[in-house]
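In order, the protein sequences belong to chains A and B.
Just so we're aligned, residue 10 is where the first sequence starts under my numbering, counting upward by one.
Just so we're aligned, residue -17 is where the second sequence starts under my numbering, counting upward by one.
Glycine residues also receive a C-beta, built at the ideal position from the N, C-alpha and C atoms.
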Amino acid sequence: MRQEERSEAPTEIAPYPTPETAPSIGDIVPLVSPYLSGNNFLRLPLLVADSGQLGDYWLTAASLAGKSHLADGTSGQDSFSFARTTDNQAVVAAVCDGLGRYKNTAQLGALILSRVLCSHLALIPREAYLADGQHCFTQAVRSANSDLVSILRQFGYQTFDQFSTTAAFCWISPATRGSRVLIGRIGDCFAFKQSTDYTHGFYNYYSRDADGAINEVSSSLPNPGPIQVEFRAERVGDGEKIVLVTDGLAEDIFSSKDTREWLVNRWSQERVSGLELLHCLSYRKQGSFDDRTALLIERSFRQQE
Amino acid sequence: MSDFADNERLPIFPVYIVIDVSYSMEGAPINAVNNALPELKTMISNNASVGEVARIAILTFSDYARPVVPLCDLQNAPLPTLKPEGNTNFAEAFRTLHAELEQGIRSFGKGVRFYKPVVFFMSDGEHNAGEDWRPPLRKLEDRNFNFNPEIVTFGFGDADPESLQQIATTYAFAAKSGNPTSQVKEIMNALLKSVRTTSNKLAQGNESALSVEPDPEQFTRLGIRQAD
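Structure, rendered in C-alpha cells:
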C-alpha cells in the first residue's frame, strides 16, 4: 500500500495501569487460599463490582467477601443495588448486609432486600421526597419488608430470621448547587460524604455509639413489628461523593487512619471504576475480617444516552 | 470526641478468667490451673486469628479479689503462679470484675470497639462470706452497664449447682464425680477451645459466636436461672 493510502496507525492503547499495591495495616494473618463450599446454592461470589453513568450521576459499587469466608467456604453476605427513579429526576441506591450468625442464608435476604428496596424507592416522585422524605422512606421500607417476606414464602420458607439483613440507602437528585440527598438506614450500615475537604476525608452521617459491644445488632429486616428508619437529609456539593458502606468497612474507616488515607487517596479521582473499587477494598488490616461493600455516587455531567 | 481515630484502633474480644483460689484449691487443683495458663498463652501465639482480637484478663478471688493479669494481649504478658489463700467471697469477685471490665476495656483507648466480653468463672466451693453476692452480680448483668458480659460458670468439688446457674448468663456446667485435677484440666481445656472457637467465629462476623463445649463425660450442662 502506498504511504498516502495507508490509514493512520491506531493510537497505541496504554497498558492497563498497574494498581498501586493495597496496603497492609498492622500485624496481619497470611491469607489462605479460598475454599469453595460445594453445597450452598445460595452462595454469592467472592467479588462483585459494577460502575457506570446513571442519569446525572456516576455510580461505582463493589463487594469483597471477608477473609473469614475464605477458609471455610461460606458466602459473603453483602449486596448492593441501584436504580433511576421512574420520573428520571433522581437516583436511588442501597447496600445490605446479612447477619453473620446466619452464615448460609442471610445473603439471600441482603440480595433480595437491596433490590426490592430500590424498586420501591424508585417509584416515588421527586415532589413527594421534597415534601416529606422521611415518610417516603418509611413507606418504601415497609413495602420492601413485605415484598421480602412474600418472595421468601414463594421459595417455600415459613420462617425468616435466617434471612435477616441490615441496610443503608439513599435518594439523590440534582439541585441548583450540588445535589439534594436523603439517607436512611436499618441497623448498622453507614453513610458518608467523601471529600478531601473534610478533616478525615469523610463526613459521617450517623455518629457511633462509642460504648457498647460491636456484635449486638440494633435492628434488621425482615421485621414483623414497627420499622424505625434512621433518616438524614443534607445537600452534597458537586465535588463530593456519597458513600454507602456495610459495617465491616465502616469499622475500618472509623478505626484506621491508614485505611482512610488509602481510600481517600483512591476515591478522590473522578469516576472510579468497579475494578478500581475492588482493588481499593483489598487492603489488609489487622482484625478486619468482615465483608466489605462500598457504593459511591458522584455528580457527573456526561449525560446518559 | 471524633468518630474517626487518629491512629490505628483495633476491635478486641475481651475474655475474663475468674478463678477461685480459696484454700480448698490447694494442691492438685491449683497446680492444674497453673499448668494450663502457659498453654493458653501458647494457643494464642499459635492461632493468629485469635491473637488478633482476643484480650485476656485473669482475676483471682478468695476473701478478696484482684486482677493478676490485667486485660492485655496475653502473648506479651508474664504469667502469675497462683497460690491458694483464704475463703470464698463471690461478692468481692463480682465487684472487682465490674471495675476491671470497665477499666480494662477503656485502657485500650476511649472509643475502642469491642465484642461482648465473656467471663469464665470457676469455683470449687460455695460463697461463705457474710454478705449477699446477688446485688453485685445484678450490677454486673445490668443491661445499662455498657460492658455487661456473657458469664460462663464451671463448678467442681463443693460448688453449689444452683449458684452456678444463677451466676451464668449462657452456660453453666457442674462437674460429675471424679478427680478434681482432671476436672480442672478439663475446665481449662474447654476454656481454651472456647476462646479459640469464639474468636474465629467473631472473625467471621458471627454475632452469636460464643461456644463452650466441655467433655460431657466429665461435666453436666445446667439450665440458667435468674438470681433471686
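- Under the three-state reduction of DSSP output, I169 of chain B falls in the helix class.
- Residues F146, T147, V150 and G193 of the same chain have their beta carbon placed closer than 6 Å to that of V238 of chain A, with the five preceding and five following residues left out of the count.
- Taking 8 Å as the cut-off, the beta carbon of L61 of chain B is found closer than this to the beta carbon of L19 of chain B.
- Listed along chain A are T208, H209, G210, F211, N213, I262, F263, S264, K266 and R269, each with a C-beta nearer than 9 Å to that of F(-14) of chain B.
- Neighbours of Q167 of chain A across chain B, judged by C-beta separation under 8 Å, do not exist; the nearest C-beta is about 22 Å away.
- Linking E74 of chain B to F129 of chain B through their CA atoms gives a straight-line distance of about 18 Å.
- The beta carbon of A115 of chain A lies closer than 8 Å to those of Q86, G107, L108, G109, Q171, F172, S173 and T174 in the same chain, with the five residues before and after it left out.
- For the stretch 119 to 134 of chain A, the set of positions with a beta-carbon nearer than 7 Å to some beta-carbon of chain B is empty.
- Scanning chain A for C-beta atoms nearer than 8 Å to the C-beta of L(-8) of chain B yields G35, S264, Q295 and G296, reported in chain order.
- In this structure, DSSP gives V281 of chain A a state outside helix and strand, which the three-state scheme calls coil.
- Membership of S291 of chain A in any beta strand (DSSP E) is not indicated, and neither H nor E is assigned to it by DSSP.
- A buried status is given to L253 of chain A, since no fewer than 16 other beta-carbon atoms sit within 10 Å of its beta-carbon.
- When only Cα atoms are considered, F91 of chain A and V190 of chain A end up about 15 Å apart.
- By the Cβ rule, the stretch 270 to 282 of chain A counts as touching the stretch 196 to 215 of chain A, because three or more pairs are nearer than 8 Å.
- According to DSSP, residue pairing for E239 of chain A in a beta bridge involves A:R194.
- With a threshold of 8 Å between beta carbons, N17 of chain B makes no contact with chain A.
- When DSSP assignments are scanned along the stretch 77 to 163 of chain B, the uninterrupted stretches of beta strand (DSSP E) that are 3 or more residues long and fall wholly within it turn out to be 100 to 105, 132 to 137 and 153 to 157.
- Contact with chain A is found for E34 of chain B, since one of that chain's Cβ atoms lies less than 8 Å from the residue's Cβ.
- Neighbourhood of A222 of chain A in chain B, by CB distance below 7 Å: F96, Y97 and K98, in chain order.
- With the criterion set as a beta carbon lying under 7 Å from some beta carbon of chain B, the stretch 181 to 196 of chain A has no members that meet it.
- Flagged as an interface residue toward chain A: N(-11) of chain B, by a C-beta distance shorter than 8 Å.
- Take the alpha-carbon of S88 of chain A and the one of A157 of chain B: they are about 46 Å apart.
- By the rule that beta-carbons nearer than 8 Å mark a contact, S216 of chain A touches chain B.
- Taking E67 of chain B as reference, the option from B:F43, B:V51, B:F90 and B:E84 with the minimal CA-CA separation is B:F43.
- Contact between A58 of chain A and A71 of chain A holds, since their C-beta atoms are separated by about 4 Å, short of 8 Å.
- In this chain, the alpha helix (DSSP H) harbouring N13 of chain B covers A10 to N28.
- The residues Q203, L305 and E307, in chain order, have a CB closer than 6 Å to that of K250 of chain A in the same chain once the five nearest residues on each side in sequence are set aside.
- Residue environment analysis places A99 of chain A among the buried positions, since at least 16 neighbouring C-beta atoms fall within 10 angstroms of its C-beta.
- Each residue's CA atom was taken as its position, placing K121 of chain B and P196 of chain B some 28 Å apart.
- Put simply, the backbone Cα of E113 of chain B is about 43 Å away from that of S264 of chain A.
- The stretch 165 to 172 of chain B and the stretch 130 to 145 of chain B touch, with no fewer than 3 CB-CB distances between them shorter than 8 Å.
- Boundaries of the beta strand (DSSP E) around A200 of chain A: F199 to Q203.
- When DSSP states are grouped into helix, strand and coil, D59 of chain A belongs to the strand group.
- Linking G64 of chain A to E260 of chain A through their CA atoms gives a straight-line distance of about 31 Å.
- When DSSP states are grouped into helix, strand and coil, A191 of chain B belongs to the coil group.
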